[in-house]
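One structure is given below, encoded as structure tokens.
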Amino acid sequence: MEDCLRKLALWNTRTFKPIITHHELEPIMATLGFIAVPWFPPNIESTTTSWKKYLYSNGGCRSQSPAPRPRLPYPRIDGLHSSTYHAFLDAVNFYLHMNDLSDLFHIRGMPLHKVHDRGNKWQMMKRDGSNIFVYRKGTLDQATCNFYSINTNNNNNDDNCNEGRNSIIIRNKGRNTATTCIVPLKDVIPVDHNLWDIR
Numbered sequence: 046m047e048d049c050l051r052k053l054a055l056w057n058t059r060t061f062k063p064i065i066t067h068h069e070l071e072p073i074m075a076t077l078g079f080i081a082v083p084w085f086p087p088n089i090e091s092t093t094t095s096w097k098k099y100l101y102s103n104g105g106c107r108s109q110s111p112a113p114r115p116r117l118p119y120p121r122i123d124g125l126h127s128s129t130y131h132a133f134l135d136a137v138n139f140y141l142h143m144n145d146l147s148d149l150f151h152i153r154g155m156p157l158h159k160v161h162d163r164g165n166k167w168q169m170m171k172r173d174g175s176n177i178f179v180y181r182k183g184t185l186d187q188a189t190c191n192f193y194s195i196n197t198n199n200n201n202n203d204d205n206c207n208e209g210r211n212s213i214i215i216r217n218k219g220r221n222t223a224t225t226c227i228v229p230l231k232d233v234i235p236v237d238h239n240l241w242d243i244r
């Protein structure tokens, strides 16, 4: 049974390596203009998951509403729900405005690690053929679940985020960009009026 369990992970597209912890993610985010907010551990009696946030330092906000902050659970960022990754990538792309964010990051499944994943509680996210995709329990907050859930009638728990979901969300390549863009010809070909001066 354990052989068919798989988790999702954030991968660096340029190096084609999974990013497992914030220690590996921070240098990549720094090159994109994001600064990691110092992380403080939760209270001892707290059962909630700790999250690490990133602030964008390369410019102001372009929206009047509160800007999203990219965030992921601390310290490990593998084995999360697809909606958690989707929210993180959407928040990053809010600032970068890239047509294809998969040039930087992509989400890919990988087997559970026998040592690092042993003590975690896992919850089923999706069945894909003979593989069962799971995520660490407690790494999906209700706000993310509600926002990215397709089924908006029943979103009282984590399981309802999985209804109607498929892997197409994970493989979204930014197809919601404009198909046409009209640019004046004078901006494409600079006209040098001295070339046309015939004497």
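Under my numbering, the sequence shown is numbered contiguously, ending at residue 244. All C-beta atoms, glycine included, are put in the ideal place defined by N, C-alpha and C.
(1) Kindly indicate which three-state DSSP category ASN176 falls into: helix, strand or coil?
(2) Helix or strand or just coil, what does DSSP make of LEU157?
(3) Whole angstroms is fine: what's the gap from LEU50's alpha carbon to PRO118's?
(4) Answer yes or no: do LEU55 and ASP123 have a C-beta to C-beta separation smaller than 9 angstroms?
(5) Measuring straight from C-alpha to C-alpha, what distance separates SER102 and TRP84?
(6) Report back the beta-carbon spacing between TYR180 and LEU125 to the nearest angstrom; my notes put them in contact at under 8 angstroms.
(7) Quickly, what does DSSP pair PHE79 with across the bridge? List them, please.
(8) What is the residue span of the alpha helix (DSSP H) that LEU141 lies within?
(9) Out of curiosity, what's the CA-to-CA distance linking LEU141 and HIS151?
(10) Any idea if SER95 is buried or exposed, counting beta-carbon neighbours within 10 angstroms, 16 or more meaning buried?
(11) So, helix, strand or coil for LEU185, using DSSP?
(12) What separation, rounded to the nearest whole angstrom, lies between the Cα atoms of MET155 and ASP148?
(13) Just to confirm, is the Cβ distance from SER194 to SER127 under 9 angstroms?
(14) Along the chain, where does the beta strand (DSSP E) that runs through ARG116 open and close?
(15) Between which two residues does the beta strand (DSSP E) harbouring LEU51 extend?
(16) Excluding five sequence neighbours on each side, which residues of the same chain lie with their C-beta closer than 7 angstroms to the C-beta of PRO120?
Considering the structure as presented:
(1) strand
(2) coil
(3) 21 angstroms
(4) yes
(5) 18 angstroms
(6) 6 angstroms
(7) TYR101
(8) 127 to 141
(9) 15 angstroms
(10) exposed
(11) coil
(12) 20 angstroms
(13) no
(14) 116 to 118
(15) A small fix is needed here, since residue 51 is Arg in this sequence, not Leu. Looking at the DSSP string, the run of the beta strand (DSSP E) that includes ARG51 is 50 to 57.
(16) THR66, HIS67
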